[in-house]
Amino acid sequence: MVRKISLLILSVSILVVGAISFSKLGYWDKSIRVFRFSADEPFSGRVGGDHGARGDFAGRETHNVANTNKPDGLMQKSEPQNRERNRTGSFRGDMRNGDGHGRGELQSGGKIRLKNVSLFLAVFASFTIMTLYFYKGICHMRKRNAMKECIEENE
Amino acid sequence: MLLLMDPRSFYGLPFHEWAGLIIGIFFILHKVLNWGWIKKVTLSFFRKCSGKARFNYFLDIFLLAGMIIMILSGIAIARTIDFSWLKLGGSHMFWRVIHTSSCYITLVLFGIHLGLHWNWVLQTLNIKKSINGKEN
Chain A
444 MVRKISLLIL
454 SVSILVVGAI
464 SFSKLGYWDK
474 SIRVFRFSAD
484 EPFSGRVGGD
494 HGARGDFAGR
504 ETHNVANTNK
514 PDGLMQKSEP
524 QNRERNRTGS
534 FRGDMRNGDG
544 HGRGELQSGG
554 KIRLKNVSLF
564 LAVFASFTIM
574 TLYFYKGICH
584 MRKRNAMKEC
594 IEENE
Chain B
291 MLLLMDPRSF
301 YGLPFHEWAG
311 LIIGIFFILH
321 KVLNWGWIKK
331 VTLSFFRKCS
341 GKARFNYFLD
351 IFLLAGMIIM
361 ILSGIAIART
371 IDFSWLKLGG
381 SHMFWRVIHT
391 SSCYITLVLF
401 GIHLGLHWNW
411 VLQTLNIKKS
421 INGKEN
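Taken in sequence, the protein lines are chains A and B.
To get this note's numbering, take the position in the first sequence, counting from 1, and add 443.
To get this note's numbering, take the position in the second sequence, counting from 1, and add 290.
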């Protein structure tokens, strides 16, 4: 019984943390962004609802903001320059970090920041828990219905 | 592993791209090696099949599609690895939006997939004894 209660508390806490992470990451907006995307739309970097961890790396590249407003030909011209810059291992000025301090996050160095990873992990775990309990609930209902039918047949 | 693929969190963009490429290759290899099983399950899908098995099958199809889109869009927006010779077309922004959305959706699908196979995971790790001998 104690085990069951502790598992239940753990599951509920995972679900709560998952829900918070889901809203912090702006998960829904970013998931359905592809269905709203139009090529003519100017790139705004972030889509609404993203004011927490600012977990999306899409749209954080300032030079790409400029590139999206250029015709394809111009973009292709500037692409080798970007590649050359990236080959040197420096992404400074291109990408800002998740906390808004700017610069250097995507350098090729060995910096590990687990904040975003934990947010993604929480969302992942909460969907796993939800599915698990949903499936258990369905199985339980089926069993109950089967038992009811069995009892009715016997009667 | 997917969670560690965030370019802002784990060793930067070069690691993200190389690890993504390696995982993508292994994923395709995994599907090729299990092609016989996929064929068998596809054929049995149209005969008698349980609801759970059907749902799992659809989920696996969506996961496969998500992974393929993720790999393709990742190739299209790659910076440290030069894939320009593939000429995938489309704007950088277009592929970037597709990459982000497919990653987010696929992560959720993987969560659901794990939830549905949780008993199998526990049995494999010897945490829970098998009740029916096998799942599904």
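Beta carbons: idealized from backbone N, C-alpha and C, even for Gly.
When Cβ pairs closer than 8 Å are counted between the two stretches, the stretch 563-576 of chain A is seen to touch the stretch 403-416 of chain B, the count reaching three or more. In the three-state reduction of the DSSP assignment, F336 (chain B) falls in the coil class, being assigned neither a helical nor a strand state.
Contact note: I395 (chain B) reaches chain A through S474, I475 and V477, using a C-beta cutoff of 9 Å and chain order.
Counting along the chain, the unbroken alpha helix (DSSP H) around F316 (chain B) starts and ends at G302 to L323. In the pairwise beta carbon analysis, the stretch 341-348 of chain B is classified as not touching the stretch 362-379 of chain B: fewer than three pairs are separated by under 8 Å. Using a Cβ-Cβ cut-off of 8 Å, M584 (chain A) does not count as an interface residue toward chain B, since no Cβ of chain B sits closer than that to its own. Neighbours of M590 (chain A) across chain B, judged by C-beta separation under 9 Å, do not exist; the nearest C-beta is about 18 Å away.
In the displayed model, M444 (chain A) falls within coil according to three-state DSSP, outside both helix and strand. W325 (chain B) and I475 (chain A) have their C-alpha atoms roughly 31 Å apart.
For S569 (chain A), the enclosing alpha helix (DSSP H) starts and ends at K558 to N597. With its beta carbon less than 8 Å from one in chain B, M573 (chain A) belongs to the interface.
In the three-state reduction of the DSSP assignment, D350 (chain B) falls in the helix class.
With the rule of 3 Cβ pairs closer than 8 Å, the stretch 317-324 of chain B does not count as touching the stretch 381-397 of chain B. Secondary structure note for L397 (chain B): its alpha helix (DSSP H) is the uninterrupted segment H382 to L406. For the set A:R556, A:F563 and A:S454, the Cα lying nearest the Cα of W471 (chain A) is the one of A:F563.
Secondary structure at K377 (chain B): coil, using DSSP grouped into helix, strand and coil. Contact between A565 (chain A) and G469 (chain A) is absent: CB atoms are separated by about 14 Å, not below the 8 Å threshold.
When only Cα atoms are considered, S561 (chain A) and E598 (chain A) end up about 55 Å apart.
DSSP places A366 (chain B) within a helical segment (H, G or I) once states are collapsed to three.
Nearest C-alpha to L397 (chain B) among B:L333, B:W410 and B:M357: B:M357. Here DSSP, grouped into helix, strand and coil, assigns L451 (chain A) to helix. For the options A:S456, A:V445, A:I448 and A:K558, the alpha carbon positioned closest to that of K467 (chain A) is the one of A:K558. Ranked by how close their Cα comes to the Cα of D350 (chain B), the residues B:L412, B:L415, B:V331 and B:A309 have B:V331 in first place. The Cβ of I402 (chain B) sits closer than 8 Å to at least one Cβ of chain A.
By the CB criterion at 8 Å, S569 (chain A) and I457 (chain A) fall inside the cutoff.
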